[in-house]
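Protein chains in written order, with the numbering used here: chain S, 163 to 235; chain X, 18 to 384. The beta-carbon is built from N, C-alpha and C at its ideal position, and this holds for glycine as well. What follows is one structure encoded as structure tokens, with my remarks underneath.
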């Protein structure tokens, strides 16, 4: 089953911390969103493998945009 | 011998030396700790300069910095221009998405009024008490604007108090926030508000300016400029004006604001015991405002199903966006996947407007 990682707060992508194909566990750090000069970490919602990353550093994202997709093992 | 008589060195008083130390301390904090450096740096330097004898920099009618002060602050030019820039920087989206959070911004003005009455009871005049109370709103330009109108003799002290407490938001607020909330409350995840359309954001500054100014006409200079700046932003057709209001113009007036405020703080004006009371009362006002925002959020939770995280109430003090950032941090400490930042921006911006309205009410009653 694929789980979408959604944008928890609007901002711009400061850094992507994982790569496609990487195994992640729930609560692992996935990427950093900058909003109001503040770096906010986004955590993995579940265990699995990162199958797709839809954003890159510098992208502006809105609430509930899809950031990446995690496939359950 | 005339040269020696005109030399400043012989006219230095101990009070002046103490003021140099205070000025240097502000410069030091601005540089090493980055406490509101854009203001505290020029203010600190202004304090040093104004406490050098025989310069006549603040001599009415002739001094250089007196002219900045007189035409910039006494004529009420600079604070409204800063509000123009703030309006251009402000995104009302967070507020419009959850209009009920406006009340939290209003609740955070409680500290202003409580402190007003306490300061008056302590022997300050009504005008001085109002100026001290407004520090609780933690809004620099509004404090300066009100002080210039009601109690210019307190302007320097009140401005430094307001900007110091704004810089200390991350130190002062978290203990109060933790004391007044339970762990479960801090973990409340809020439901996203509705989507705000560009058209709503476009009409809001016009509509809000009309309503607020009709209700409190004395708030017009600050509110009008704030909403004009916001209209620049949301209209999307005057990007040049929007950009200038946010950046160059704001930076230019900040220079004149900082040096002028610093220069009002000469030794005989500043080294009085009242100034200590101002700092204590200002801190008290600020703490009460933080607490009252949190408490109102808890009260609202008794009546609503869609719960508010009470931490968001603390952002009703206007220090934008520092207060909202602190809310995010304290919330994330309880639950790292809780993102309160944008929810906190609503009360935060409402707090700015609330403080301006409070100042407008003081002006219309006390002027």
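Identify the continuous beta strand (DSSP E) that holds residue i and give its terminal residues.
i                      : result
residue 335 of chain X : That residue, residue 335 of chain X, is in no beta strand (DSSP E); it is neither H nor E in DSSP.
residue 80 of chain X  : Neither: residue 80 of chain X is in no beta strand (DSSP E) and is coded neither H nor E.
residue 130 of chain X : Unbroken run through residue 130 of chain X is the alpha helix (DSSP H), 127-138; no beta strand (DSSP E).
residue 200 of chain S : 200-205
residue 192 of chain S : 191-197
Compute the Euclidean distance between the alpha carbons of residue i and residue j, then round it to the nearest angstrom.
i                      : j                      : result
residue 122 of chain X : residue 19 of chain X  : 60 Å
residue 288 of chain X : residue 30 of chain X  : 12 Å
residue 23 of chain X  : residue 268 of chain X : 36 Å
residue 222 of chain S : residue 55 of chain X  : 28 Å
residue 349 of chain X : residue 53 of chain X  : 25 Å
residue 180 of chain X : residue 186 of chain S : 44 Å
residue 42 of chain X  : residue 50 of chain X  : 11 Å
residue 241 of chain X : residue 148 of chain X : 21 Å
residue 272 of chain X : residue 214 of chain S : 49 Å
residue 384 of chain X : residue 161 of chain X : 15 Å
residue 219 of chain X : residue 372 of chain X : 23 Å
residue 186 of chain X : residue 336 of chain X : 8 Å
residue 143 of chain X : residue 205 of chain X : 41 Å
residue 190 of chain X : residue 297 of chain X : 16 Å
residue 14 of chain X  : residue 329 of chain X : Any answer about residue 14 of chain X is impossible in this case: the structure gives chain X only from 18 up to 384.
residue 255 of chain X : residue 249 of chain X : 6 Å
residue 134 of chain X : residue 294 of chain X : 14 Å
residue 98 of chain X  : residue 189 of chain S : 45 Å
residue 370 of chain X : residue 352 of chain X : 30 Å
residue 210 of chain X : residue 77 of chain X  : 53 Å
residue 170 of chain S : residue 226 of chain S : 6 Å
residue 40 of chain X  : residue 32 of chain X  : 12 Å
Taking C-alpha atoms, which residue in the options lies nearest to residue i?
i                      : options                       : result
residue 225 of chain X : X:210, X:215 and X:243        : X:243
residue 260 of chain X : X:86, X:26, X:71 and X:107    : X:107
residue 47 of chain X  : X:111, X:275 and X:304        : X:275
residue 379 of chain X : X:238, X:172 and X:146        : X:146
residue 246 of chain X : X:233, X:82, X:228 and X:266  : X:266
residue 286 of chain X : X:36, X:307 and X:217         : X:36
residue 331 of chain X : X:32, X:160 and X:198         : X:198
residue 212 of chain S : S:231, S:205 and S:203        : S:231
residue 25 of chain X  : X:204, X:174, X:72 and X:220  : X:72
residue 132 of chain X : X:304, X:357 and X:162        : X:304
residue 38 of chain X  : X:284, X:136 and X:294        : X:284
residue 119 of chain X : X:100, X:362, X:61 and X:92   : X:362
residue 153 of chain X : X:310, X:353, X:100 and X:28  : X:310
residue 324 of chain X : X:208, X:34 and X:346         : X:208
residue 212 of chain X : X:370, X:115, X:358 and X:188 : X:115
residue 374 of chain X : X:196, X:231, X:193 and X:264 : X:231
residue 192 of chain X : X:347, X:355, X:358 and X:21  : X:347
residue 180 of chain S : S:225, S:204, S:234 and S:224 : S:204
residue 96 of chain X  : X:251, X:164, X:308 and X:382 : X:164
residue 91 of chain X  : X:158, X:355 and X:334        : X:158
With residue i as the anchor, note down where its alpha helix (DSSP H) starts and where it stops.
i                      : result
residue 252 of chain X : 237-252
residue 298 of chain X : 290-320
residue 166 of chain X : 157-167
residue 231 of chain X : 215-232
residue 228 of chain S : From DSSP, residue 228 of chain S is part of no alpha helix (DSSP H) but of the beta strand (DSSP E) over 228-233.
residue 111 of chain X : 110-114
residue 278 of chain X : 265-280
residue 182 of chain X : 172-184
residue 54 of chain X  : 54-67
residue 95 of chain X  : 95-106
residue 119 of chain X : 119-124
residue 22 of chain X  : 19-22
Counting only C-beta atoms, is residue i closer than 9 Å to chain C at any point?
i                      : result
residue 183 of chain X : Here the protein chains are S and X, and chain C is not one of them.
Run through DSSP, which three-state label would residue i get?
i                      : result
residue 145 of chain X : helix
residue 205 of chain X : coil
residue 357 of chain X : coil
residue 210 of chain S : strand
residue 183 of chain S : coil
residue 178 of chain S : strand
residue 172 of chain S : coil
residue 49 of chain X  : helix
residue 217 of chain S : coil
residue 223 of chain S : strand
residue 373 of chain X : helix
residue 76 of chain X  : coil
residue 285 of chain X : helix
residue 44 of chain X  : helix
residue 255 of chain X : coil
residue 343 of chain X : helix
Does the pairing of the stretch 273-288 of chain X with the stretch 65-72 of chain X give three or more beta-carbon distances under 8 Å? yes
Would the stretch 169-180 of chain X count as touching the stretch 320-335 of chain X if we require 3 or more Cβ pairs under 8 Å? no
Evaluate contact between the stretch 96-113 of chain X and the stretch 349-367 of chain X, counting only Cβ atoms and requiring at least three cross-stretch pairs below 8 Å. yes
Any contact of the stretch 302-316 of chain X with the stretch 79-87 of chain X, i.e. 3+ C-beta pairs under 8 Å? no
Indicate whether the contact test is met: 3 or more Cβ pairs, each with one atom in the stretch 192-204 of chain S and one in the stretch 173-182 of chain S, closer than 8 Å. yes
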